[in-house]
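Colleague:
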Amino acid sequence: MKEIEKLKAGMEYCYDDSEVDAVKQNAIKNCRIYNSIDDEDRQKQFDFLNEMLGSVGENVWIAKTFSCDNGKNIFIGDNFTGNFNLTILDVKEVYIGDNVMIGPNTLITTVGHPLTPKGRREHLAQATEIRIGDDVWLGGNVTVLPGVTIGNNVVIGAGAVVTKDIPDDSLALGVPAKVVRKLENDID
22 MKEIEKLKAG
32 MEYCYDDSEV
42 DAVKQNAIKN
52 CRIYNSIDDE
62 DRQKQFDFLN
72 EMLGSVGENV
82 WIAKTFSCDN
92 GKNIFIGDNF
102 TGNFNLTILD
112 VKEVYIGDNV
122 MIGPNTLITT
132 VGHPLTPKGR
142 REHLAQATEI
152 RIGDDVWLGG
162 NVTVLPGVTI
172 GNNVVIGAGA
182 VVTKDIPDDS
192 LALGVPAKVV
202 RKLENDID
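Convert by adding 21 to the 1-based position in the sequence shown; the result is the number in this note's numbering.
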């Protein structure tokens, strides 16, 4: 089995394999192009995101600098704001719902590496998709780890590290992020 096939199947794969690396290099190139677009040309930014990512809803904006591992594995709904220095390591799919706000310096990563030195020396990685629901606000400096699902109407406090699923209508804080209270859902 090729390394790119292992990656797509959710198995451990070698991240410096030439096919795997080519995907990342293309993403780096696309991020460089996106980040070079004039800040005042929102339409050009939107058009390029629409070309670069898997899918983009209406009224989507990502501030500079934006970084990703693939681009085509990012699916964003309507009314999205990604603040400064957003990094989405989309080795596997990242699904983001409608009306989502992401604070500055946030990392969403679908990829992890082995806990053993042998596995790290072999440049192994494994990736699992991430899902973020509707009406979510990730505060600044939040980290979302592989395999996490964040429900609808969720607020993740600044600096939190989300290691496990967060249910609908929740405020989660801390390292690791823990639900501290239920949130009202005032949308009919």
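Ideal Cβ positions, reconstructed from N, Cα and C, are used throughout, including at glycine.
Is V121 helix, strand or coil by DSSP?
Modeller: Here V121 sits in strand by DSSP.
Colleague: Might you give, ordered along the chain, the residues of its own chain that have their beta carbon closer than 7 Å to the beta carbon of K199, omitting 5 neighbours on each side?
Modeller: Once the five neighbours on either side are set aside, the close Cβ partners of K199 are A193.
Colleague: What residue does the beta strand (DSSP E) around A193 start on, and which one ends it?
Modeller: Taken as a continuous stretch (DSSP letters only), the beta strand (DSSP E) holding A193 covers S191 to L194.
Colleague: Taking DSSP as the reference, what is the three-state secondary structure of G133?
Modeller: Strand.
Colleague: Alpha carbon to alpha carbon, how far is N71 from D111?
Modeller: Near 16 Å, if we compare the C-alpha coordinates of D111 and N71.
Colleague: Between which two residues does the alpha helix (DSSP H) containing A210 stretch?
Modeller: Examination of residue 210 is not possible in this model, given that the chain is present from 22 through 209 alone.
Colleague: Find out if the Cβ-Cβ distance for the pair I187, L159 is shorter than 8 Å.
Modeller: For I187 and L159, no; Cβs fall outside 8 Å.
Colleague: Distance, Cα to Cα, L28 vs Y34?
Modeller: Near 6 Å, if we compare the C-alpha coordinates of Y34 and L28.
Colleague: Taking the Cβ atom as the reference point for each residue, do N91 and A48 lie within a distance shorter than 8 Å?
Modeller: Yes, the pair counts as a contact, with Cβ atoms nearer than the cut-off.
Colleague: Determine the closest residue to G161 out of L128, R202 and F87, with distance taken between C-alpha atoms.
Modeller: Nearest of L128, R202 and F87 to G161, Cα basis: L128.
Colleague: Considering only residues of the same chain and omitting the five flanking positions on each side of V163, which have a CB-CB separation below 6 Å?
Modeller: Hits under 6 Å: T127, I177 and A181.
Colleague: Can you give me the C-alpha to C-alpha distance between D211 and E114, rounded to a whole angstrom?
Modeller: Look at the range of the chain in this structure, 22 to 209, and you will see that residue 211 is not part of it.
Colleague: Can you find a heavy atom of the ligand PLP that lies under 7 Å from the Cβ of I83?
Modeller: This structure lacks the ligand PLP; in fact it carries no ligand of any kind.
Colleague: Quick one: is V81 buried, meaning 16 or more other Cβ sit within 10 Å of its Cβ, or exposed?
Modeller: Label assigned to V81: buried.
Colleague: Report the CB separation of G78 from I97 in whole angstroms; it is logged as a contact under 8 Å.
Modeller: About 6 Å; that satisfies the 8 Å criterion.
Colleague: Distance, Cα to Cα, V169 vs T149?
Modeller: About 8 Å.
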